[in-house]
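**Student:** Input: one structure, supplied below.
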Amino acid sequence: MSAKSAAAKVPGVLSGLKRRGGGILVVGVPDEQRRLCGRLLGSPKRERVVVGTEDSCLTADSNHEATVVQGRPAQTTACRAGAVLQSSSLADRVTEAIDAHSQGLAPAELRVCLGPVAPDTLQAKSVFLDAVLEKLGRVNALGHVHVSEPYESDLVRRLEPLVDAIVEVDADPHPRQRWHFPDHGVTTAWIDLG
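All letters in the sequence shown, in the order written, are residues 2 to 195 by this note's numbering.
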């Protein structure tokens, strides 16, 4: 497929995610992930659920009014290392919050942010991630999962079949993003993150 025909598919694939919801994996530089997170959560008028720990970088931003589901407290380096989100009780709390907040909403109107999720949590089959992605699909919510791993990592390759899109973020030479849609064989060019 030529770069031009691949680029022509992107608007349709993105509008499909906006129509029906889905799961997005956000990988790469943590600072740029935080910048992208606000965009993925959308307008404050949207219904939002944010999953993290008390000291999660993503939940600490007061500009994101959201229902916060707390995981276990992480060490003080959680923003750099990733917070551990793995317990089945947390999965139960998150899926209940998604259920409660999705009532009466149009597809993709509920936005859910997970993370950061520690890579070691996802090395084995993740009951937590599987349960949350399944629930997002059932209620047509749009969720994104933050993992501080590079796009080329084995972990990202293993998680790729579980999600609808992967957004790779980088800061070199400037904040930027590149979208990958594995099911469609499409990768965008680098786009300014702004």
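We treat Cβ as the ideally placed atom computed from N, Cα and C, and that holds for glycine.
Identify every run of the beta strand (DSSP E) within the region 94-177, keeping only runs that are complete inside it and at least 3 residues long; order them along the chain.
**Tutor:** List check, beta strand (DSSP E) in window: 111-115, 143-148 and 166-171.
**Student:** Within its chain, find whatever has a CB closer than 7 Å to the CB of L106; leave out the 5 residues flanking it on each side and keep chain order.
**Tutor:** The beta carbon of L106 lies closer than 7 Å to those of E48 in the same chain, with the five residues before and after it left out.
**Student:** So, T188 versus V11, is the Cβ gap smaller than 7 Å?
**Tutor:** With respect to the 7 Å criterion, T188 and V11 are not classified as neighbours on the basis of their beta carbons.
**Student:** Which of helix, strand or coil does DSSP assign to V27?
**Tutor:** strand
**Student:** With DSSP run on the structure shown, which of helix, strand or coil describes R47?
**Tutor:** coil
**Student:** Buried or exposed for P117, going by 16 or more other Cβ atoms inside 10 Å?
**Tutor:** buried
**Student:** Mapping DSSP to helix, strand and coil, what is G53?
**Tutor:** Strand at G53.
**Student:** Do H147 and V27 have their CB atoms nearer than 7 Å?
**Tutor:** yes
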